[in-house]
Every structure is written in structure tokens, then in C-alpha cells.
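Colleague:
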Amino acid sequence: MSSDNTKSKTDTIQTNQPTSRTTFGRRNLLKTGSILGLASLAGCAGGGGSGSDRDTFRFGIVTSLSGPLRYGGQVTKRGYDIWKNRINEDGGIEVNGNRYEVEFTYADAQSDPSTGADATQQMIDNEDVDAMLGPYSSQVPLSMGPILDQNQMPCITGSSESPQLWRNQHEYLFGTIPSVNVFVSEVTEMFLSFDPSAESAYITGVNGPFSKSAAQGMREGAEAAGAEVLGYELYPVDADRSSIISEAQAAEPDVHLNSGNIDSNATFMSSAQELSYEPNGFFQHYGINTPGFKNAGDAAAYTFGATLWLPQAGRSGGRLWGDSQTYADQFQAEYDKLPEYTEAASSATGVVYQEALAELGAEPPLTGDEQTELIGILEDITVDTFWGTIDYESDGENYHNNITTDPLAIQLNEDLDPEIVAPAEEAETDPTYPIPSWSDR
Amino acid sequence: MSDTETDSVRERFRSLLDQANNRLVAGGVIAVLLILPVALNTFWTRIAVGALMWIGLAQSWNMIGGYAGYLDFGHGAYFGIGAFATAITMTTYELPFIVGLAVAAAVCATISLGVGIPTLRLKGAYFAIATWAFAESMHELALILDITGGTFGMSLPTGADAIIIPFPGPPTEMFFYYVMLALAVGTTILAYVLFERSEFGFRVKAVRDNEDAAQSLGINAERIKRQVYVLSCSIAGLFGGANAFYITFIHPNDVLDALITDQMIIMALLGGLGTIAGPIVGGLAIFMLDRMSSLFLGTSTLYLSMIGLLIMLTVLFAPSGIIGVLRGEVGITDVKDNVSELADKFNFTR
Amino acid sequence: MVSIGLFTQTLVNGLLLAGIYMAVGVGFSLVFGVLEIIDFAVGQYVMVGAFAGAALAPLLGGEALFAVPFVFAAFFVVGILVQPFIHHVTTGDRPMPLLMGLVFTFGLARFIRGSVLTIAGPNTRDVPTNIAVGSFEIPSIGTFPTVRVATALFGIFALAAFLYYLYRTDGGTAIRSVAEDRDISRLMGVNINRYQSLSYGAYAAVTASAGVFIGMVYSANVGMGMQYTGFAFFMIVLAGMGYLPGILLSGLVLGIVQSLTAVYLGSEYVFFILFGLIWVLLLVRPTGILGKGEVA
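Chains as they are written, first to last, in the working numbering: chain A, 81 to 521; chain B, 26 to 375; chain C, 45 to 340.
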């Protein structure tokens with residue numbers, strides 16, 4: 081007892097630092113307790129395992145619902161959800177004359193590859209899913225790849241545009257949207273050929289994996305169009321735009337090409353207006369036809385952009401939604417906004433699964449062998465959808481990426497609505513080029 | 026129960042645990058941990074891998090922050106440096122994982138020595154800001170350099186040939202579990218032996234409590250600080266390297282993120298600074314809170330505010346962390362005194 | 045590519061940036077001097093101010109400038125209420141008061157950020173203004189966007205006002221004495237609680253108001269806070285910790301270095317150089333460029 085008294089005295093005197101007498105017993109008690117707790121949880125969770133009796137197709141969705149990529153996460157969610165709602169209204173996916181409804185289970189990747197990887201494992205082990213739908217961005221799917229391959233779980237992402245993903249050649253991962261450098265360079269070429277065709281271009285972009293690839297695509301397109309690239313500057317997303325714009329201004333290019341996310345591009349346009357920077361036209365990727373870009377106010381008007389789909393694109397075909405306009409109307413009714421190409425691509429991915437599962441001819445739940453067979457089918461099929469034609473490559477640099485959909489050049493009119501201006505066969509109207517100067521607006 | 030009765034019950038409980046055969050209990054727990062993967066499915070094994078890693082990271086920060094009293098706000102940089110060192114070793118030079126880990130530790134030890142010598146001369150807030158600035162500049166550097174992949178990040182090999190010992194296939198979650206287990210248990214035991222059971226520990230704590238006095242007693246404070254700093258940074262580097270191989274894709278925005286340091290600090294603080302059990306408890310608690318909320322609650326931005334609130338409350342009412350609470354250092358009377366002192370500060374008329 | 049026009053415009057851009065940073069640095073420096081804490085939440089006050097501007101502007105005829113007085117008043121009160129908590133964790137019988145203060149403000153920053161994210165959602169908000177629009181040109185110098193000029197003027201005004209108060213009023217003298225030695229000031233009859241709360245309140249008010257301006261320049265986004273925390277750190281290190289007039293110099297350095305680096309070295313290097321500079325400065329000259337800061 082006396083030792084205890086001494087201890088409490090020293091406690092009151094030495095308050096500058098925590099008492100550091102460890103008690104092995106307590107510490108290990110905690111350790112044991114928590115691990116046993118975990119293990120029992122595992123037992124419960126692991127119990128709801130595979131091979132359960134169900135007559136629905138169950139999809140696991142890993143996407144970033146929080147963190148810096150949450151905007152994209154919401155985009156994919158809307159696209160996937162509207163497909164599920166629509167197809168369940170129809171009765172479900174049709175296989176061998178029977179219809180099977182669709183169920184979703186979501187997990188948040190928190191914009192972090194490590195969380196995304198864990199979430200993928202959760203889908204595979206605990207959630208008993210037949211197949212998966214993937215996230216926005218490239219970082220998260222990059223870490224999902226090995227896990228999908230190891231566990232033979234098919235996954236299509238409706239949204240990633242990064243070429244890096246396909247270079248890693250993951251067997252069980254597919255992507256509906258063409259790599260950004262591929263389609264952006266095509267649209268850049270279109271843009272540079274508007275009359276009077278541009279002889280020089282200045283390229284800037286946010287220094288991030290997606291926008292850097294987009295900027296590379298812009299450079300490829302500019303060089304293919306025979307224009308001189310006067311400058312190529314990548315900047316941190318937080319950087320102030322005024323220096324970048326002043327530098328571009330000094331070079332006096334015919335056109336300016338910039339890549340980044342929506343907010344970044346809106347800020348760019350506002351700064352350009354402030355500094356009275358006036359090339360013949362601005363080309364921004366990505367997001368000029370999203371609500372967020374409108375934060376730039378009247379600075380946003382007449383900006384050119386690239387897209388893979390718009391409601392007014394005269395595309396049709398495929399199951400569920402006959403054509404683009406029907407899809408757009410339903411989307412507007414459900415979410416009170418017009419869909420942009422990423423949301424539409426996510427929904428189109430659902431349609432691809434419909435076709436593939438019909439061809440597979442297997443009932444849910446899918447076995448491992450059936451899932452592997454599904455991969456072969458996804459590689460082989462060509463699906464016509466309201467979004468466009470989807471055909472995943474089976475080899476090469478764009479392995480498992482769909483590069484067949486045709487890109488479109490768009491321009492915002494003075495009401496900030498997007499209009500298709502190229503290629504000629506799909507164009508709604510002629511481009512306004514050169515764009516009106518800032519003072520004339 | 027009156028205060029004295031509660032105290033004596035607590036004391037009895039405490040001494041009971043102290044008297045338990047420590048080595049035996051510790052051995053028992055380690056035995057359980059060794060066979061745990063058998064009982065868990067892959068998903069829970071992944072969770073365990075993450076938990077072990079963060080416990081180890083929190084322990085490493087606790088060495089420099091809790092025991093030595095130097096607030097390292099840039100500790101996470103070494104996690105990232107270790108990650109890239111391992112990645113470069115394994116991809117550009119195609120060397121196996123174990124070499125990658127060794128390189129990670131060596132690189133971090135070297136860099137932390139070079140950084141530590143000048144930086145440890147600073148005290149308190151200045152040291153905190155300096156280490157923070159150093160870490161952020163490393164983050165930016167990794168985004169610029171080509172060898173780290175620049176803004177595209179780096180992918181690590183995933184094949185079985187990346188490990189020296191012949192493996193039947195690519196490394197599984199179980200492999201990583203044992204790697205992290207070895208690192209976490211090793212770090213904990215090392216911390217215990219060094220800081221709780223040796224002269225070295227006394228000297229470190231003396232430096233923390235009063236550096237000038239310690240110096241006047243003949244303790245070479247410079248050397249002690251440096252040793253602790255280099256050790257703790259190298260350990261963070263090891264975890265960084267192991268983690269890189271585990272998640273197979275690293276990017277400066279993820280592995281050199283300031284959030285990593287923040288989390289280490291919160292875990293050590295919440296658990297209990299300057300204790301061995303603190304980082305274990307804090308690491309486990311915060312990691313589980315974070316992972317479980319994102320995986321099972323779907324979208325949850327609320328947990329961000331909750332963590333912030335939790336940190337503030339811990340600092341206000343339980344600065345010696347959960348371990349402090351469990352040890353009885355924060356009783357009802359303590360909290361009451363605390364609150365009344367706090368209320369005092371709202372008094373603007375005095 | 046060294047044209048004079050580009051060079052002067054770059055300087056102009058840098059100067060205007062400096063004004064923005066001064067607005068953020070001024071309160072932060074005061075708080076460090078008086079309360080001796082490094083407030084991790086500084087960037088979040090900027091962020092909340094921007095969102096407050098976005099929310100109030102529609103109620104004030106779509107003009108965020110009118111929101112500034114309201115934001116100022118509201119955050120003054122908030123600051124007064126928060127200060128006692130900070131005072132409490134950095135004093136008294138607790139281990140490692142400095143760490144506690146830092147971590148507390150860190151928790152505060154997280155809490156503010158999480159709350160705004162939950163309440164306002166993840167989307168970027170426009171902070172509208174119809175008065176501070178457009179730009180004006182001064183021939184052979186450059187183009188001056190109006191909204192940035194307004195922000196810079198606010199920054200300079202805030203700095204001047206603070207300096208005036210500190211050096212020319214009784215209240216200011218009291219605050220300076222608390223900054224120099226809290227215990228002796230208390231013994232001399234200065235009401236510690238009151239002046240510390242005033243300081244923190246003023247800091248929160250000015251920083252949040254700066255946030256409204258910054259929102260007008262850049263728009264309001266939940267993630268915008270962190271970089272201002274970084275800039276604030278940079279500024280007080282450069283200025284010398286606790287030396288308020290130094291903010292003028294460090295704001296200028298920060299703005300101009302950023303601008304020049306972006307144009308003449310490459311934008312990728314800007315933040316690397318900035319953070320590297322902070323680190324090196326602390327190692328070689330912790331009392332700031334002018335040597336007037338508190339000793340490390």
C-alpha cells in the first residue's frame with residue numbers, strides 16, 4: 081500500500097509529462113479484447129458469404145463519395161442509379177427468357193486508393209456481388225486492378241479517362257470512356273481547323289494525372305493540325321492563374337488550350353477575362369457544359385470543349401433507352417439537370433452489362449467460371465447504345481478501353497448552352513470563331 | 026462510491042494487472058495474432074493489415090513526439106520517402122521486396138540524419154513548422170521529379186518473383202499481414218525496450234522534461250534527439266515501403282499527404298502520449314472509425330467533423346489520452362476542476 | 045521571352061497577390077504574438093468567410109461586398125467565444141501545452157471543414173459582386189483586375205488599422221504587453237482574458253472578412269483553406285514570429301516570388317520553392333528576414 085501512496089504523490093507533482101509506467105497486463109487485455117471483437121465481427125460478416133440463393137443480379141460499386149473526387153463519385157452514382165431504376169421498372173435484366181432484377185451495394189473509396197482497394201475486397205468477400213462498377217479518376221482503379229484480377233471479379237468503370245489504367249493490362253478491368261489523350265487530341269485537331277485555321281497554340285493544364293494526359297492529347301492534336309505550340313505549362317491546382325495567363329498573353333497565340341477539372345477551368349476563364357486575354361478562342365477540357373463551369377459567369381460564353389456525348393447527339397440504339405433525347409429527358413426528370421457525357425457513359429455501362437449477361441446466359445448468382453467467361457464476352461461484343469458504340473479493345477495500349485465512340489467538339493453559346501460544332505456530320509451549328517472580344521459581350 | 030473508495034478499487038485493479046505475468050500475456054496475444062489470418066476472410070485481413078500499419082506508424086511518431094517531446098509535423102514525409110524508395114528499387118532496379126524495404130530504411134535514415142542535424146536545433150513551434158515545411162516540399166518535389174513518376178505516380182510489381190522466397194503465386198493479403206505484423210510488433214517491442222526499460226529511455230524523457238537541466242546533468246541532448254529522430258523516421262520509412270508493395274500504386278498526393286502525419290499524431294495523442302499502449306489503442310480506434318464509417322455507412326462527411334470534435338475534446342478534458350483515462354488519471358473531480366477553470370477564462374471582468 | 049510588358053504585369057500580379065496574403069497574415073501574426081499559438085484553423089476561417097459571403101450575397105442584392113461588415117461582426121463574436129478554449133489548453137497543469145494548443149487548433153480546423161462540407165455540400169460556390177468587376181489598365185504597367193485591387197486594399201487597410209490600434213491606443217498597448225509577458229501584465233492589472241479574446245476575435249473577424257474577398261477573386265470551395273494555412277505559416281516565419289509590421293514585407297515576398305517563379309521558372313516549382321524556403325529560413329534565420337521576430 082505504501083508504494084501506491086508514493087505513486088499518487090508523484091502523480092500530482094510530476095504533471096508535466098504523462099506517467100509512463102506501462103502495465104503490460106492492461107495493454108494486452110485491450111489488445112486481446114479488440115482483436116477478439118474484430119474476429120467475432122469477422123465471423124458474423126464472413127457468414128453472409130457466397131452461393132446464397134438469390135434471383136437478382138447484385139453489383140458492387142466502389143466510387144469516391146467523399147474526398148476531393150466526390151464530385152466525380154456523385155456523377156458515377158447518378159449514372160449507375162438511373163440505369164438500375166430504369167431496368168428494374170422494366171422488370172430486370174433478361175437472360176434466357178427470364179428477368180432478373182438488379183441490386184446495388186455501394187462503398188466509398190474516399191478518393192484514396194488504399195480505401196478503394198479495401199472496399200473492393202469487401203465487395204468480393206462480404207457482399208456477394210456478381211460484378212462491379214467502378215469509380216471516377218484513375219488512382220483508385222489502379223489499386224483495384226490487382227485485387228480484381230486475383231479474385232476474378234469483373235469490373236467496368238463508367239468514368240475513368242486516364243491512359244495509365246490500360247497500360248497496366250488488368251484482365252478484369254474495363255473502361256467505357258476512351259482515354260482522354262485519344263479523344264482530346266481528335267477534338268483539338270477539329271478545333272484548330274476552324275476557319276481561319278490556327279497557326280499557333282498555347283497549352284496549359286493542371287499538373288494532375290488526368291489533366292496532364294489531357295494536355296498531352298492537346299499537344300498531339302495541335303501538332304497533328306500543323307500548329308506551332310508556343311508554350312506548354314503545367315501548374316499546381318492551387319496556383320494563381322494570373323501569372324500563367326500573363327505569360328500566355330505575352331506569347332500571343334492564335335488559340336489557347338487548357339485542361340483541368342471544372343472549378344479550375346472556370347477560374348481560368350474568370351482570370352482570363354480580368355486580364356483581358358484574347359486569343360481567337362479557348363478550348364477547355366473538362367466540363368464546360370456542367371453547372372459548375374457557369375461560376376465563371378459571362379466569361380464562360382463561347383468556350384470550346386470536347387465531349388463524347390450530348391443529349392442532342394443524334395445517336396440511338398441499344399436496349400432500355402432508344403436514343404439520346406429519351407435518356408436526357410428521363411435523367412432531367414429524375415435529377416433536375418441535364419446529363420453530361422460521364423453520367424451517360426455510366427448508364428451506358430449498365431446497358432453493356434445487360435447485353436453481356438444476356439449472351440452469357442447464366443442465372444445469378446454467378447460462379448467464378450461464369451465471371452471469367454464474362455470477361456471473354458466483354459472483350460468480344462460490340463454494343464450499340466444511346467450513348468454510342470461501345471467496343472472494348474482486347475490488346476494494345478488501350479487494352480480493355482473503349483475507343484470507338486466518336487468525340488464531338490462543342491461550344492457554349494451566349495446563353496451558356498452547349499452546341500455541337502464539329503464534326504460536320506453531327507454539327508448543330510457553325511462555330512462562332514474567332515470569339516467576340518471581352519468588351520463586346 | 027466516494028472518491029477514496031473508487032481510488033482504492035482502481036488501485037487494486039491496477040496492481041492486479043501489473044502483477045499478471047507480463048511476458049506470458051504478451052506471448053499469448055502474439056500467438057493469437059500469429060494465427061489470426063486463418064480465422065479472417067480476405068477483407069478482414071486487409072483491415073487488420075491497415076490497423077497494424079497505423080499502430081506501427083503511431084508508435085514511430087510517439088517516439089519523437091511523445092517520448093522526446095519534439096513535435097514532428099512532417100513525420101509522414103518519411104512514410105512517403107520509404108514508399109518511393111521501395112518503388113524505385115523494385116521497378117527501376119527490379120530488385121526484390123526485401124531489398125526494397127532495406128533501401129527504404131537506409132534512405133530514410135540518411136535523409137532524416139541530414140535533416141535532423143540542423144532542424145533539431147529548433148524548439149517547440151519552430152521545429153513543428155520547419156518539419157511541416159520540409160514534408161510539404163518533399164511532396165512537391167515528388168510531383169516534379171521524373172524518377173518518382175511525377176504527377177502520374179508509380180506502380181509496383183505484383184508478381185511472385187518480387188519476393189526472394191519462392192512463393193506459389195503473387196503475394197496475398199496474408200503475406201502482407203505477416204509483414205505488417207512483424208513490423209508492428211517489432212516496433213512496439215523496440216519502443217518498449219528502448220523507452221521503458223532502458224537507460225536510454227530515461228535520458229530521452231529527461232530531455233523532454235527539461236532539456237537544459239538534462240544537458241547540465243551531462244546528457245548529450247543533441248545526440249539523443251538525433252538518435253530518436255533517425256530511428257523513428259526509418260521505422261516510418263519501413264512502413265511506407267511495405268505499404269507501397271501492398272497497394273501496388275503510389276502517388277505523392279496519397280503517400281506524401283499531410284493527412285498521414287496528422288493521423289499519426291491524433292492516434293498517439295488520443296491513445297496517450299509517451300506510453301506504449303497509447304499508439305496501439307489510438308491507432309486501432311481511429312483507423313477502425315475511419316474505415317468502418319466509409320465502408321459501412323456509405324457516404325459520411327460527418328465523420329470529419331466528429332474527428333475534429335473528438336480531438337478538441339480529448340485535448341480539453343483528457344490530454345493524456347485513453348490510456349490516461351483507463352489509468353484513472355482523469356476522474357470526475359478532474360473533469361469538474363477542468364471545466365471550472367475553463368469557465369473562468371470566459372470571465373472578462375477580471 | 046523577357047519582354048518588359050510581361051515583367052511588369054508579373055510584378056503587378058505579384059503585388060496584388062501580396063495584398064491578398066497580407067489580409068490573411070495580419071490577424072494570424074497578432075494571434076501568434078499574443079496567444080503564442082500557431083492557429084492551424086486560419087485557412088478554415090478564410091474558407092468559412094468565403095462561404096458566408098456566398099450565402100449572404102443573395103440576401104444583399106447579390107453583392108458580396110455588403111456582406112463583409114456582417115461577416116466581420118459575426119466572426120468577431122465567434123473568435124471571442126473560441127479563445128478561452130485555446131487559452132485553457134495552452135496553460136495550466138497539462139503536459140505539453142504547446143502541442144495541445146497546436147493539436148486543438150488542428151481539431152478545430154477539421155471540425156470547421158467537416159461542418160461546412162456537411163452543411164454546404166461539396167460544390168464550389170460563386171461569391172458574386174457587381175461592384176468590383178472588370179479591370180482597369182495603366183498603360184505600360186499592366187492590367188489591374190478590380191476585384192483583386194479591392195482585396196489588396198482591404199489587406200493594406202487591415203494591416204494599417206491593426207498597427208494603428210496596437211501602437212496608438214491604450215487597448216493596443218495592453219495587448220502588446222500581454223504579448224510580451226502575460227504574467228507581468230496580469231500583475232500590472234491588465235485584464236488578460238479580455239484582451240486575449242479581443243485579439244482572437246479581431247483575428248477571426250479579419251481573416252473571415254478576407255475570406256469574403258478571396259471568395260470574390262477565386263470562388264468558395266471547401267478545400268481552399270489548406271493553402272492559406274500554408275501561406276500564413278510562410279508569412280510569419282519570414283516576417284519574424286510575432287512581429288506584425290513584418291507582414292507587409294513577407295506578403296510582398298510571397299506574392300512576388302510566387303508570380304516570378306511561375307512565369308520565369310515554371311509553375312510546377314512554385315510550391316516546392318515556397319515550402320523549401322520556409323524550412324531553410326527557419327534553419328538559418330528563425331527570427332525572420334528583418335531579425336525582429338521572437339527568438340526560436
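Note that beta-carbon positions come from the ideal geometry of N, C-alpha and C, so glycine has one too. Note that the structure is a prediction, hence the values are computed from the model and not measured.
Any C-beta of chain C sitting closer than 8 Å to the C-beta of B/S365?
Modeller: Within the second sequence, residue 365 of chain B is the residue found at index 340, counting from 1. No, B/S365 does not count as interfacial toward chain C.
Colleague: For C/W323, which option in B/G90, B/N363, B/G141, B/P121 has the closest C-alpha, if you only look at C-alpha atoms?
Modeller: Position 279 of the third sequence holds residue 323 of chain C. Closest option to C/W323, Cα to Cα, is B/G141.
Colleague: Judging by CA-CA distance, which residue of C/A96, C/G123, C/V122 is the nearest neighbour of C/A370?
Modeller: Only positions 45 to 340 of chain C appear in the structure, and residue 370 of chain C is not among them; the question remains open.
Colleague: Return yes when the C-beta of A/Y282 is under 7 Å from any heavy atom of the ligand COA, and no when it is not.
Modeller: Ligands in the displayed structure: none, and consequently the ligand COA is not present.
Colleague: Between the beta-carbon of A/A278 and the beta-carbon of A/S339, is there less than 8 Å?
Modeller: Within the first sequence, numbered from 1, the residue matching residue 278 of chain A stands at position 198. Within the first sequence, numbered from 1, the residue matching residue 339 of chain A stands at position 259. No, Cβ-Cβ distance for A/A278 and A/S339 is not below 8 Å.
Colleague: If you run the structure through DSSP and keep just helix, strand and coil, what is A/E207?
Modeller: As a first step, residue 207 of chain A must be located in the first sequence, where it is residue number 127. Under the three-state reduction of DSSP, A/E207 is assigned to coil, being neither helix nor strand.
Colleague: Answer with yes or no whether the minimum CB distance from A/A305 to chain B is below 8 Å.
Modeller: Stepping through the first sequence from its first residue, residue 305 of chain A is reached at position 225. Cβ-Cβ to chain B under 8 Å: no for A/A305.
Colleague: Using a cut-off of 9 Å between C-beta atoms, extract the partners of C/V281 located in chain B.
Modeller: Here the question's residue 281 of chain C lines up with position 237 in the third sequence. The contacting residues are Y151, I154, A155, A158.
Colleague: Note down, in chain order, all residues in the stretch 87 to 117 of chain B with a beta-carbon under 7 Å from any beta-carbon belonging to chain C.
Modeller: G94, L96
Colleague: Of the choices C/A176, C/Q127, C/T135, whose alpha-carbon is the least far from that of C/V256?
Modeller: The count along the third sequence starts at 1 and reaches residue 256 of chain C at position 212. That would be C/A176, whose Cα lies nearest to the Cα of C/V256.
Colleague: Near C/N265, which residues of its chain fall below 6 Å by C-beta distance, leaving aside the five closest residues on each side in sequence?
Modeller: Numbered from 1 along the third sequence, position 221 holds the residue referred to as residue 265 of chain C. Excluding sequence neighbours, C/N265 sits near T168.
Colleague: What number of angstroms, rounded off, separates the C-alpha of C/Y209 from the C-alpha of C/S184?
Modeller: Taking the first residue of the third sequence as position 1, residue 209 of chain C is located at position 165. Taking the first residue of the third sequence as position 1, residue 184 of chain C is located at position 140. Rounded to the nearest angstrom, the two C-alpha atoms are 38 Å apart.
Colleague: Do A/V522 and A/S144 have their C-beta atoms within less than 8 Å of each other?
Modeller: Lying before the first or after the last residue shown, residue 522 of chain A is absent from chain A, which here runs from 81 to 521.
Colleague: What three-state label does DSSP hand A/C124 in the structure shown?
Modeller: Position 44 of the first sequence holds residue 124 of chain A. In this predicted model, A/C124 has a pLDDT of only 43, less than 50, meaning its place in the structure is not dependable enough to derive any value.
Colleague: Taking buried to mean at least 16 other C-beta atoms within 10 Å of its own C-beta, is A/P391 buried or exposed?
Modeller: For the purposes of this step, residue 391 of chain A is taken as the residue at position 311 of the first sequence. The residue in question, A/P391, is buried, as its Cβ has 16 or more Cβ neighbours within 10 Å.
Colleague: Assess contact between the stretch 270 to 289 of chain B and the stretch 97 to 106 of chain B, defined as three or more Cβ pairs (one per stretch) separated by less than 8 Å. Is contact present?
Modeller: Contact holds: three or more Cβ-Cβ distances are below 8 Å.
Colleague: Quick one: Cα of A/T509 to Cα of A/A379, how far?
Modeller: Locating residue 509 of chain A in the first sequence gives position 429, counting from the first residue. Locating residue 379 of chain A in the first sequence gives position 299, counting from the first residue. Taking the straight line from one Cα to the other gives about 21 Å.
Colleague: Going along the chain, which residues of the stretch 134 to 157 of chain A sit with their C-beta nearer than 7 Å to a C-beta in chain C?
Modeller: P148, R150, Y151
Colleague: Measure the C-alpha to C-alpha separation of A/T112 and B/L77 and round it to an integer number of angstroms.
Modeller: Mapped onto the first sequence, residue 112 of chain A falls at position 32. Mapped onto the second sequence, residue 77 of chain B falls at position 52. With a pLDDT of 46 at A/T112, under the threshold of 50, the predicted position of this residue should be treated as unreliable, though the coordinate-derived value follows. The straight-line gap from Cα to Cα measures roughly 14 Å.
Colleague: Using the Cα positions of A/L446 and A/L454, report the straight-line distance between them to the nearest angstrom.
Modeller: For the purposes of this step, residue 446 of chain A is taken as the residue at position 366 of the first sequence. For the purposes of this step, residue 454 of chain A is taken as the residue at position 374 of the first sequence. Their Cα atoms are separated by approximately 10 Å.
Colleague: Would A/A346 and A/F373 qualify as a contact pair, given that the criterion is a beta-carbon distance under 8 Å?
Modeller: Against the first sequence, residue 346 of chain A aligns to sequence position 266. Against the first sequence, residue 373 of chain A aligns to sequence position 293. Contact: yes.
Colleague: On the DSSP letters alone, give me the boundaries of the beta strand (DSSP E) that A/F466 sits inside.
Modeller: Along the first sequence, one-based indexing puts residue 466 of chain A at 386. If you look at A/F466, you'll find it isn't in any beta strand (DSSP E); DSSP assigns it neither H nor E.
Colleague: For A/T103, name the three-state secondary structure that DSSP assigns.
Modeller: The sequence position of residue 103 of chain A within the first sequence is 23, counting from 1. Annotation note: pLDDT 43 at A/T103 (below 50); position unreliable, coordinate value reported separately. Three-state result, A/T103: coil.
Colleague: Any idea what DSSP makes of A/M224, helix, strand or coil?
Modeller: Within the first sequence, the letter at position 144 stands for residue 224 of chain A. Under the three-state reduction of DSSP output, A/M224 falls in the helix class.
Colleague: Where does A/D403 fall in DSSP's three states?
Modeller: Sequence index remark: in the first sequence, residue 403 of chain A carries index 323 (1-based). Strand, per DSSP.
Colleague: What ranges does the alpha helix (DSSP H) occupy inside the stretch 302 to 362 of chain B, keeping only unbroken runs of at least 4 residues that lie completely in it?
Modeller: 302 to 321, 327 to 342, 346 to 351
Colleague: Bridge partners of A/A498, per DSSP?
Modeller: Within the first sequence, the letter at position 418 stands for residue 498 of chain A. The identity of residue 498 of chain A in the sequence shown is Pro, whereas the question assumes Ala. Within the DSSP bridge table, the entry for A/P498 names A/L492 as partners.
Colleague: I'd like to know whether the C-beta of A/A319 is nearer than 8 Å to at least one C-beta of chain C.
Modeller: The residue given as residue 319 of chain A occupies position 239 in the first sequence. Output row for A/A319: interface = yes.
Colleague: Can you tell me which of the three DSSP states A/T284 falls into?
Modeller: Locating residue 284 of chain A in the first sequence gives position 204, where the first residue counts as 1. In this structure, A/T284 counts as strand in the three-state DSSP scheme.
Colleague: Taking beta-carbon pairs under 7 Å, can you tell me which members of the stretch 353 to 373 of chain A lie near chain C?
Modeller: E354, L355, S356, G372
Colleague: Note down, in chain order, every chain A residue with its Cβ under 7 Å from the Cβ of C/P166.
Modeller: As a working note, residue 166 of chain C is residue 122 in the third sequence. Chain A residues near C/P166: R150, Y151.
Colleague: Starting from C/F180, follow its DSSP beta bridges and name the residues at the other end.
Modeller: Your numbering for residue 180 of chain C matches position 136 in the third sequence. C/F180 is bridged to C/F188.
Colleague: So, helix, strand or coil for A/S396, using DSSP?
Modeller: Here residue 396 of chain A refers to the residue found at position 316 when the first sequence is read from its first residue. When secondary structure is reduced to three states using DSSP, A/S396 falls in the strand class.
Colleague: For A/P193, return the contacting residues in chain B, with the cut-off set at a CB-CB distance below 7 Å.
Modeller: The sequence position of residue 193 of chain A within the first sequence is 113, counting from 1. What A/P193 touches in chain B: I272, F274, D279.
Colleague: Using beta carbons (cut-off 8 Å, strictly below), is C/T16 in contact with chain B?
Modeller: Any answer about residue 16 of chain C is impossible in this case: the structure gives chain C only from 45 up to 340.
Colleague: Does DSSP classify A/M233 as helix, strand or coil?
Modeller: Here residue 233 of chain A corresponds to residue number 153 of the first sequence, with the count starting at 1. Look at A/M233 here: in three-state DSSP terms it is coil, with no helix or strand label.
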